[in-house]
Each structure stands twice: as C-alpha cells, then as structure tokens.
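Participant:
Protein chains: 2
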Amino acid sequence: MVTNRKEKEQRREEILAAALDRFAAKGLHATTITEIARTAGISQGLLYHYFRSKEELFTALIGDALVKMNQAASGLESLPVPPDEKIRIAIVELLKTLHEETFSRTVMLIAQANLSEGTPEEAKEVLRRESGEPYAVIARIMAAGQKEGSIFDQESPDVLSMLFWTTIKGLAMQRVTNRESFKVPHPESLLRLFIRR
Amino acid sequence: MVTNRKEKEQRREEILAAALDRFAAKGLHATTITEIARTAGISQGLLYHYFRSKEELFTALIGDALVKMNQAASGLESLPVPPDEKIRIAIVELLKTLHEETFSRTVMLIAQANLSEGTPEEAKEVLRRESGEPYAVIARIMAAGQKEGSIFDQESPDVLSMLFWTTIKGLAMQRVTNRESFKVPHPESLLRLFIRR
DNA sequence: GTCTATATCCAGATAGAC
DNA sequence: GTCTATCTGGATATAGAC
Numbered sequence: 005m006v007t008n009r010k011e012k013e014q015r016r017e018e019i020l021a022a023a024l025d026r027f028a029a030k031g032l033h034a035t036t037i038t039e040i041a042r043t044a045g046i047s048q049g050l051l052y053h054y055f056r057s058k059e060e061l062f063t064a065l066i067g068d069a070l071v072k073m074n075q076a077a078s079g080l081e082s083l084p085v086p087p088d089e090k091i092r093i094a095i096v097e098l099l100k101t102l103h104e105e106t107f108s109r110t111v112m113l114i115a116q117a118n119l120s121e122g123t124p125e126e127a128k129e130v131l132r133r134e135s136g137e138p139y140a141v142i143a144r145i146m147a148a149g150q151k152e153g154s155i156f157d158q159e160s161p162d163v164l165s166m167l168f169w170t171t172i173k174g175l176a177m178q179r180v181t182n183r184e185s186f187k188v189p190h191p192e193s194l195l196r197l198f199i200r201r
Numbered sequence: 005m006v007t008n009r010k011e012k013e014q015r016r017e018e019i020l021a022a023a024l025d026r027f028a029a030k031g032l033h034a035t036t037i038t039e040i041a042r043t044a045g046i047s048q049g050l051l052y053h054y055f056r057s058k059e060e061l062f063t064a065l066i067g068d069a070l071v072k073m074n075q076a077a078s079g080l081e082s083l084p085v086p087p088d089e090k091i092r093i094a095i096v097e098l099l100k101t102l103h104e105e106t107f108s109r110t111v112m113l114i115a116q117a118n119l120s121e122g123t124p125e126e127a128k129e130v131l132r133r134e135s136g137e138p139y140a141v142i143a144r145i146m147a148a149g150q151k152e153g154s155i156f157d158q159e160s161p162d163v164l165s166m167l168f169w170t171t172i173k174g175l176a177m178q179r180v181t182n183r184e185s186f187k188v189p190h191p192e193s194l195l196r197l198f199i200r201r
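Going line by line, the protein sequences match chains A and B.
According to this note's numbering, the first sequence holds residues 5 to 201 in order.
According to this note's numbering, the second sequence holds residues 5 to 201 in order.
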C-alpha cells in the first residue's frame, strides 16, 4: 500500500519504468494499459490514479529522457579537454551505456516518438523544444575540432553530428532487437569516422 | 473498376504502396485499415477483397522487402571487383537509394518489424528465414578484404557488417523523420569506417 | 489507495445490396 | 468488384465498493 508522498513518488517511478519497458518493446499503440499495469504489478484501474491517460504516460517518459540527454550533452561540452577528446569521451561513454537496458530503451522511445505521425501532440511539442540540443552540442564540438585540425573536415559539422547520432541510434536499435548476439564495437572503430588522420 | 487479372494485380500493388506509406509513418498498430484504404483511394470494405487482414498486408510487405534486399545483396557479391570496391559500390548505391522514398520506408518497416514483440508471427517467421543474408554477405566481403589487407582489421567481419547496416539504418530513419533538413553524407566519409589506410 | 466491474468507443472484419 | 451498413471484440477510461 502506498500512503505518504515519498511512496507515491516511488510508485509513479515503478509505473514509468514498466511503461518504458513496454513502449520500447512494442511502441505506443501496440502497448496496452493493461499490459503496463501488469508489468508494474498493479491493477489496470489503479494506473489511472497516477496518470490520466496512456498518452500522458508516454509524454512524461519523453520529457524525462530529453532532460537527461540535455544534461549529459551540456556536461560534455563543458569538459576541459580538446574537441577530439570530447568526441572520444562521448563515444566511450555512449558505448558503455549501450549495455544498460534503460539507455537503449530510451533511445528507442525517442526514435519511435520521432516517427511523428501517431505520436501525441504534447509529446511532439516537447520533442520540438528539447531535442535539438544534443545535435547542436556535437556540431559545435565538431566545428571547433575542424578549426584546430583534429577533426575530419571534408564534411560539415552538421553532417558529422548527424552521422554521430545516427550511428549511436542504429547501434542502440540493434542492441534492443538483438540482445543475445549484439557485440559492441571498439570506440576506436567509430572514432575513425570523425578523427582526422 | 478492376476486371481482368492484370488490373487486379495492379490494384493489389496500389494497396501495398498505400500500406507501406502508412506503416512506415506510423507503425503497424497505429495504422488503421480505414486509413490505408483512404490512401489507396478505395473503400475500407474493398480492401478485404484483396487481403484477408491487416497482418497479412504487413507480412506481404515484409516478404517483398526482404526478397529485394537479398537480390541486391547477392548481386553485389557476384560483382567482378575487389572487396573494398564492393563496399564502396554498396555505400554509393545505398546512399543514392536513400533519396527514394520507397527505400527509406522499407528500411523503416523492417526496423519496426524487428521490434519483434507486437509483430505478427508470420512476419517474424519470414524475417528469421530471410533477413540474415544481407548481414552475411557484407561480413563475407569484409573478411575477404581483411585477408587481402584493404579492409580495416581491428574489428571482426561480423562487427563491421553490423556497423555497416546500423549506419545505413540510422541514416534511413533520419531521412524518414527529417525529410526537409536531411543531408546525405559523402560516400567517402562512410568508407573511412571500413577502409584500411 | 486499491481493486473489480462496467460503460463507452473505435477499429477490424463481415454481410449483403448493387 | 465495389460500396455501405453492421457486427464483434478488445482497449481505454470511469464508477463504485472496500
């Protein structure tokens, strides 16, 4: 039973975790409220005590995910190291987190949400507002690296940033859909895309 | 009105194209039969004259897509050029087809179907049977290239093949979700991942 | 706060007229 | 072959007991 405020908050988190699990596996529309409730170990009716609708649940998850991504991105940008080293660190860290179930699921969730049609309007709104930053951060780092000569310069910073993120996204999807057989590449292999040699 | 056999076949194709359009944009479950019918310009009831169910439609699309992919893959393998050149050609061609709406949609469709939960069982069956080949083809080419020294050899052929396809998949998704702003990278940029230098 | 039972709605699928 | 009208099932959301 959940009575005080802290426990209520915790139950909310449990529901969110269950929802992330199911949404990442099946997508928004294929996932039923009943299934989320079952995963969270509660009755279907109770879920409505914590969230008004399935869409609100989805939107909350998207919001959380983007906040975390933006924090990570701005943390990266403020590191006191040269641009190419920032990219190296970013790749190392992202490949590490690929092992964590939660991270891969979050990437999937955002990827799905970006298939804008069929995504709740409020979720799209959040995406529009917040999702540009990680791209912009990497693009700025790439630009700085090109200026000082450490980053590959036959491609614009924008395109490099897009390549960076699409590669990570592709790997995360692979990770989610092929849990058993998935092998993480070495950071150095991916770095070859961006570092000038 | 559709009377003879050829016209019937054509109408089937129209419905398949409409379904691919909608499934790629919204996914299997978020897409309604009504919507597909409207996109194809026919009534909802008529669709059942051509396909038994939404799932059959989906499975047919997956089947078509995999057949085409496998044809392309085996065509690539039999080209009379060295391995690194095969990879080059594959990248050039794939980046070209990225411009075609249909190709990107097809990639999306397969990516979605791979989120196995929520995918119809027959579609999963087809995927299991047929989807390994493109990976295997690229892995074999990578292995041959490593043997003769033209391909990057600090990563196994399997991982290189996975990197190859996840990169393409990531770009296709980007293409579908950001039609307006999407810029295709130069083939040489991607080649850097695989070619030994 | 939590559950069970139920109302409501909507999409998939069918039937039948033309 | 094609359409409109209808049946049916399942999922969201609500109501009400505990």
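For every residue, glycine included, the Cβ atom is placed at its ideal position computed from N, Cα and C.
Keep in mind the model is a prediction, meaning the values are calculated, not measured.
Using C-beta distances below 8 Å, list every residue in its chain close to Pro-87 of chain B, excluding the 5 sequence neighbours before and after it, in chain order.
Facilitator: Ile-145, Met-146, Ala-148, Gly-149, Glu-152, Ser-154 and Ile-155
Participant: Take Leu-194 of chain A and list the residues in its own chain whose beta-carbon comes closer than 8 Å to its own, dropping the five residues that flank it on each side.
Facilitator: Ile-95, Leu-99 and Thr-171
Participant: Distance check for Val-163 of chain A and Lys-187 of chain B, CA to CA, integer angstroms please.
Facilitator: 7 Å
Participant: According to DSSP, which residues form a beta bridge with Ile-199 of chain A?
Facilitator: A:Ile-155
Participant: Output needed for Ser-78 of chain A: all residues of its chain with C-beta closer than 8 Å, excluding positions within five of it in sequence on either side, in chain order.
Facilitator: Glu-137 and Val-141
Participant: What residues of chain A sit near Arg-1 of chain B, judged by a beta carbon separation below 8 Å?
Facilitator: There is no way to answer for residue 1 of chain B, as the model of chain B reaches only from 5 to 201.
Participant: Starting from Arg-92 of chain A, trace the alpha helix (DSSP H) both ways and give me its first and last residue.
Facilitator: Note, Arg-92 of chain A: alpha helix (DSSP H), 87-101.
Participant: Is the distance from the Cβ of Arg-26 of chain A to the Cβ of Thr-43 of chain A below 9 Å?
Facilitator: yes
Participant: In the DSSP assignment, the alpha helix (DSSP H) including Val-163 of chain B goes from what residue to what residue?
Facilitator: 161-181
Participant: Can you give me the C-alpha to C-alpha distance between Gly-67 of chain B and Thr-110 of chain A, rounded to a whole angstrom?
Facilitator: 29 Å
Participant: Between Gly-31 of chain B and Leu-113 of chain B, what straight-line distance do the alpha-carbon atoms span, to the nearest angstrom?
Facilitator: 8 Å
Participant: Between the stretch 111-142 of chain B and chain A, which residues of the former have a C-beta closer than 8 Å to a C-beta of the latter?
Facilitator: Met-112, Ala-115, Gln-116, Asn-118, Leu-119, Ser-120, Glu-121 and Gly-122
Participant: Counting only C-beta atoms, is Leu-50 of chain A closer than 9 Å to chain B at any point?
Facilitator: False, the Cβ-Cβ gap to chain B never drops below 9 Å.
Participant: Alpha carbon to alpha carbon, how far is Leu-119 of chain A from Arg-133 of chain B? Give it in angstroms, no decimals.
Facilitator: 27 Å
Participant: How big is the Cα-Cα spacing for Glu-159 of chain B and Pro-189 of chain A?
Facilitator: Those two C-alpha atoms are separated by around 7 Å.
Participant: Report all residues from its chain with a CB closer than 7 Å to the CB of Ser-165 of chain A; omit the five preceding and five following residues, and keep chain order.
Facilitator: Tyr-139, Ile-142, Ala-143 and Met-146
Participant: Under 7 Å between beta-carbons, which chain B residues line up against Ala-69 of chain A? List them in chain order, please.
Facilitator: Within 7 Å Cβ-Cβ: nothing; Ala-69 of chain A doesn't reach chain B, min ~16 Å.
Participant: Which class does Arg-56 of chain B belong to by DSSP, given the choice of helix, strand or coil?
Facilitator: coil
Participant: So what's Ala-77 of chain A in DSSP terms, helix, strand or just coil?
Facilitator: It is helical.
Participant: At least one CB of chain A closer than 9 Å to the CB of Asp-88 of chain B: is that the case?
Facilitator: no
Participant: What did DSSP end up calling Leu-119 of chain B once you bin it into helix, strand or coil?
Facilitator: Shown here, Leu-119 of chain B sits in coil according to DSSP, grouped into three states, outside any helix or strand.
Participant: Using a Cβ-Cβ cutoff of less than 6 Å, which residues in the same chain neighbour Gln-116 of chain A once the five nearest sequence positions on both sides are dropped?
Facilitator: Gly-31
Participant: Could you tell me whether the Cβ atoms of Leu-65 of chain B and Leu-20 of chain B are closer together than 9 Å?
Facilitator: Cβ distance < 9 Å, so Leu-65 of chain B and Leu-20 of chain B count as in contact.
Participant: Hey, Lys-90 of chain B and Leu-83 of chain B are a contact pair by Cβ (cut 8 Å); roughly how many whole angstroms apart?
Facilitator: Beta-carbon to beta-carbon, Lys-90 of chain B and Leu-83 of chain B are separated by about 6 Å, close enough to satisfy the 8 Å threshold.
Participant: If you drop the 5 nearest sequence neighbours on each side, which residues of the same chain put their C-beta closer than 8 Å to that of Asn-74 of chain A?
Facilitator: Glu-134, Glu-137 and Pro-138
Participant: My guess is that Arg-196 of chain B and Arg-196 of chain A are in contact by the Cβ rule of under 8 Å, so how many angstroms apart are they, rounded?
Facilitator: 6 Å
Participant: Any beta carbon from chain B within less than 9 Å of Val-180 of chain A's own beta carbon?
Facilitator: yes
Participant: Would a check of beta-carbon distances place Glu-192 of chain B closer than 9 Å to chain A?
Facilitator: yes
Participant: Helix, strand or coil: which one does DSSP assign to Glu-39 of chain B?
Facilitator: helix
Participant: Once DSSP output is grouped into helix, strand and coil, what is the label at Ser-193 of chain B?
Facilitator: helix
Participant: Answer with buried or exposed for Arg-200 of chain B, where buried requires no fewer than 16 other C-beta atoms within 10 angstroms of its C-beta.
Facilitator: exposed
Participant: Could one say the Cβ of Gly-45 of chain A lies closer than 9 Å to chain B's Cβ atoms, at least one of them?
Facilitator: So, not an interface residue.
Participant: Determine the direct distance from the alpha carbon of Val-180 of chain B to that of Ile-40 of chain B, and round the result to whole angstroms.
Facilitator: 19 Å
Participant: Flag His-33 of chain B as yes if its beta-carbon sits less than 9 Å from any beta-carbon of chain A, otherwise no.
Facilitator: yes
Participant: For Lys-128 of chain B, tell me which candidate among B:Glu-59, B:Gln-48 and B:Pro-161 has the shortest Cα-Cα distance.
Facilitator: B:Glu-59
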